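Please read the structure below before turning to the comments.
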Amino acid sequence: MTLRLPLFEYRTPTSLAEAVAILSDSDGGAVIAGGGTDLFPKMKRRQTTPTTVVSLSAIPELSGIEIDSEGNCRLGASTPVAAVAASELVPAVVAAAAAEIASPQIRNTATLGGNLCLDTRCNYIDMPELWREASGHCLKDGGDTCWVAPRGDRCWAISSTDLAPVVIALNGTLRLVGPRGERETPAEALYRNDGIDYHDRSDDEILTQVMLPPFGGRATYRKLRRRGSIDFPLVGVAAAAHLDDRGTVGSIRLVVGAVASAPLRATAAEEFLVGRQLTDEVIEEAARLASHHVRPQDNTDTGSRYRKWMTPVFVTRALQDLRA
Amino acid sequence: MSERVLTIEVNGEPHRILSSDNRTLLEVLREDLGLTGTKHGCDVGECGACSVLMDGQPVLACLVLALQVGDRTVTTIEGLAADGNPDPVQKAFAERGAAQCGYCTPGMIISSRALLDGNPDPSTEEINTALAGNLCRCTGYNKIVEAVHLAASREARP
Ligand SMILES: Cc1cc2nc3c(=O)[nH]c(=O)nc-3n(C[C@H](O)[C@H](O)[C@H](O)COP(=O)(O)OP(=O)(O)OC[C@H]3O[C@@H](n4cnc5c(N)ncnc54)[C@H](O)[C@@H]3O)c2cc1C
Ligand code: FES
Ligand code: FES
């Protein structure tokens with residue numbers, strides 16, 4: 001069965017100002033497209049039917065990676081994920097996490113901005129239209145029941161971006177441009193733990209740049225997925241730390257992705273780790289602290305209990321990476 | 325939602341087509357240009373059957389709009405054979421029996437071609453990585469990987 005895209009008008013503005021104008025004049029009917037690798041499948045399933053698709057691909061300043069005079073790594077939002085994965089300018093952990101996104105073909109068209117703005121996912125919303133109509137539309141689909149947790153009143157769709165946890169662990173800053181001008185925000189502040197309203201960003205705001213401050217510490221990303229390729233993360237753990245000569249943690253940022261509707265900072269584990277060496281016992285306690293409150297739902301490739309069980313395992317592996 | 329005239333270069337030939345904005349490259353290749361070698365699998369990016377080369381890089385034709393191609397060149401499986409002679413990768417796939425139902429084969433060959441163009445002597449691990457976006461439901465992959473090795477060894481000493 002061919003899943004055809006609904007009709008829409010495709011626009012390729014050549015400046016940010018023009019893109020913002022199209023978005024804000026559209027009254028919500030226009031959506032931003034990076035590579036479209038998330039957007040087009042959703043449109044094919046009629047999860048969204050925009051009247052206008054605004055491509056960022058013809059806006060020159062949105063593409064490219066550079067190190068500025070202060071040593072910050074600046075990445076344009078339209079930079080292909082494959083280019084991030086192959087870059088020697090980005091911290092190695094960013095390249096490694098980018099190389100674990102989707103598949104080689106998808107990485108060639110997918111963009112960094114699209115990855116950080118990835119819609120939340122769930123087994124129910126990601127079904128074809130006919131299926132959703134037959135079962136009854138869920139909250140994210142305009143219905144009145146969450147089929148994952150029917151007695152609750154929230155949507156549990158999962159934040160499945162591989163790069164967001166890494167960018168947050170590296171204390172990255174995002175630049176956004178909208179009708180009210182430009183603003184900068186810590187990456188962490190963009191995400192909300194709400195499957196529907198998952199971004200602190202209006203629909204006409206464009207993510208233009210990711211800024212990563214210089215980082216001289218150790219960092220890692222550990223991803224659990226069903227197969228070694230193509231699949232989204234079931235758990236993704238990013239950690240970035242500074243250790244002294246004796247291996248004592250001076251500072252650390254630990255982020256758990258794909259277990260909630262936003263990447264979660266594991267602040268209790270971070271506080272516990274500062275001033276300690278990464279011994280097996282310390283890692284075990286940190287993994288417990290980072291995962292005991294995590295409540296994955298039964299809405300992706302594997303059951304929720306498996307993801308709950310694997311969360312401390314992947315936190316442990318990430319912390320062991322820092323020690324090595 | 326009018327239609328526009330697009331010019332896209334496929335397998336070295338420019339084609340003018342009339343298309344609405346929502347049509348994918350896969351639809352245009354198969355339905356307008358009759359190039360049915362590129363397969364239509366899942367339609368949502370999960371199988372790799374629709375892989376084509378865009379400026380030499382493998383992409384999924386089911387997730388690229390025809391009008392996104394712009395001035396880039398598209399190569400499909402039909403475009404790999406030169407003057408009726410199959411590409412070395414095609415020959416190696418045939419000789420090794422690296423296909424059963426054959427549905428994944430065009431996509432596999434496209435990804436393999438892109439790999440060998442950038443890396444003439446890939447390790448098994450590099451082949452596995454390059455083919456990691458192409459699903460095969462039949463072969464178990466071993467013969468596919470062997471075929472890529474075979475093509476590489478032949479291209480190294482033509
Ligand atoms: C089979 C398959 C497997 C996948 N596996 C993974 C995976 O393992 N890990 C992973 O992280 N992702 C995965 N993805 C999702 C997706 O391919 C990637 O996240 C990709 O990086 C998205 O980038 P894009 O440019 O294609 O996004 P698009 O589809 O263009 O956009 C995604 C969303 O972000 C919005 N958007 C895009 N750019 C901007 C911007 N600059 N400012 C504001 N909003 C913007 C769009 O409106 C849309 O809502 C997978 C997708 C498929 C189909
Ligand atoms: S048909 Fe394009 S990836 Fe399956
Ligand atoms: S030969 Fe049948 S899918 Fe690969």
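Taken in sequence, the protein lines are chains A and B. As numbered in this note's numbering, residues 1 to 324 make up the first sequence, in order. As numbered in this note's numbering, residues 325 to 482 make up the second sequence, in order. Glycine included, each C-beta is placed from N, C-alpha and C at the ideal position. Quantities reported herein were computed from a predicted structural model and do not represent experimental measurements.
Closer than 7 Å, Cβ to any Cβ of chain A: which residues of the stretch 370–398 of chain B, in chain order?
Flagged, chain order: 370, 372, 375, 381, 382, 383, 384, 387, 388, 389 and 391.
Which two residues bound the contiguous beta strand (DSSP E) that contains residue 223/A?
Along the first sequence, one-based indexing puts residue 223/A at 223. Run containing residue 223/A: 218–224, per the beta strand (DSSP E) assignment.
Indicate whether at least one CB of chain B lies closer than 8 Å to the CB of residue 2/A.
Start at 1 with the first residue of the first sequence, and residue 2/A comes out as number 2. So, interface residue.
For ligand 3, I want to know if residue 414/B counts as a neighbour, meaning its beta carbon is within less than 7 Å of at least one of the ligand's heavy atoms.
Locating residue 414/B in the second sequence gives position 90, counting from the first residue. Result no, Cβ not under 7 Å from ligand 3.
Going by DSSP, what residue range makes up the alpha helix (DSSP H) through residue 412/B?
By 1-based counting over the second sequence, the position of residue 412/B is 88. 412–420 is the extent of the alpha helix (DSSP H) around residue 412/B.
I want to verify the contact list: residues of chain A whose CB lies under 8 Å from the CB of residue 403/B, in sequence order.
As a first step, residue 403/B must be located in the second sequence, where it is residue number 79. Result: empty, since nearest Cβ-Cβ is about 17 Å, beyond 8 Å.
What do you get for residue 329/B, buried or exposed, if any count of 16 or more other CB atoms within 10 angstroms of its CB means buried?
Mapped onto the second sequence, residue 329/B falls at position 5. Residue 329/B is exposed by the Cβ-count criterion.
For the stretch 48–71 of chain A, list every residue whose C-beta sits within 8 Å of some C-beta in chain B, in sequence order.
So the close ones are 53, 55 and 57.
In angstroms with no decimal places, state the Cα-to-Cα distance between residue 409/B and residue 183/A.
Locating residue 409/B in the second sequence gives position 85, counting from the first residue. Locating residue 183/A in the first sequence gives position 183, counting from the first residue. Roughly 57 Å between the two C-alpha positions.
Kindly indicate the opening and closing residues of the beta strand (DSSP E) around residue 375/B.
Looking up residue 375/B in the second sequence gives position 51. 375–378 is the extent of the beta strand (DSSP E) around residue 375/B.
Counting only Cβ pairs nearer than 7 Å, list the residues of chain B close to residue 404/A.
The structure shown does not extend to residue 404/A, since chain A is modelled only from 1 to 324, so the question has no answer here.
Using a 10 Å radius around the Cβ and a threshold of 16 neighbouring Cβ atoms, would you call residue 412/B buried or exposed?
Taking the first residue of the second sequence as 1, we reach residue 412/B at position 88. Classification of residue 412/B: buried, given that the 10 Å Cβ count is 16 or more.
Compute the distance between the beta-carbons of residue 404/B and residue 376/B, then report whether it is under 8 Å.
By 1-based counting over the second sequence, the position of residue 404/B is 80. By 1-based counting over the second sequence, the position of residue 376/B is 52. Not in contact: residue 404/B and residue 376/B (Cβ atoms no closer than 8 Å).
Under 7 Å Cβ to Cβ from residue 193/A, same chain only, skipping five residues before and after it: list those, please.
Here residue 193/A refers to the residue found at position 193 when the first sequence is read from its first residue. Answer for residue 193/A: 260, 261 and 262, listed in chain order.
How close, in whole Å, do the beta carbons of residue 372/B and residue 431/B come, if the pair is a contact with beta carbons under 8 Å?
Taking the first residue of the second sequence as 1, we reach residue 372/B at position 48. Taking the first residue of the second sequence as 1, we reach residue 431/B at position 107. Indeed they touch by this definition, with Cβ atoms about 5 Å apart.
List the residues that DSSP assigns as beta-bridge partners of residue 73/A.
Here residue 73/A refers to the residue found at position 73 of the first sequence. Answer by DSSP bridge pairing, in chain order: 67/A and 212/A.
Below 7 Å on C-beta distance, what does residue 436/B contact in chain A?
Residue 436/B sits at position 112 when you count from the first residue of the second sequence. Simply none; closest approach about 11 Å.
Using a Cβ-Cβ cut-off of 8 Å, state whether residue 40/A counts as contacting chain B.
Working through the first sequence from its first residue, we reach residue 40/A at position 40. Residue 40/A counts as touching chain B.
With a threshold of 7 Å (Cβ to nearest heavy atom), would residue 84/A be considered close to ligand 1?
On the first sequence, position 84 is the one that residue 84/A refers to. Flag unset: Cβ of residue 84/A not near ligand 1.
State buried or exposed for residue 393/B, treating a residue as buried only when at least 16 other CB atoms are found within 10 Å of its CB.
Taking the second sequence and counting its residues from 1, one reaches residue 393/B at position 69. Result: buried.
Between 124/A, 112/A and 316/A, which has its C-alpha nearest residue 62/A's C-alpha?
For the purposes of this step, residue 62/A is taken as the residue at position 62 of the first sequence. Comparing Cα positions, the closest option is 112/A.
For ligand 1, any of its heavy atoms closer than 7 Å to the Cβ of residue 113/A?
For the purposes of this step, residue 113/A is taken as the residue at position 113 of the first sequence. Yes, the beta carbon of residue 113/A sits closer than 7 Å to at least one heavy atom of ligand 1.
Give a yes or no on whether 8 Å exceeds the smallest Cβ distance from residue 106/A to chain B.
If you number the first sequence from 1, residue 106/A lands on position 106. Closer than 8 Å to some Cβ of chain B, the Cβ of residue 106/A qualifies, so yes.
Would you say residue 118/A lies against chain B (beta-carbon separation less than 8 Å)?
Here the question's residue 118/A lines up with position 118 in the first sequence. Chain B, which has no Cβ nearer than 8 Å to the Cβ of residue 118/A, makes this no.
Using a Cβ-Cβ cut-off of 8 Å, state whether residue 352/B counts as contacting chain A.
By 1-based counting over the second sequence, the position of residue 352/B is 28. So, not an interface residue.
Looking at residue 435/B: is its Cβ nearer than 8 Å to the Cβ of residue 466/B?
Looking up residue 435/B in the second sequence gives position 111. Looking up residue 466/B in the second sequence gives position 142. Contact flag unset, no.
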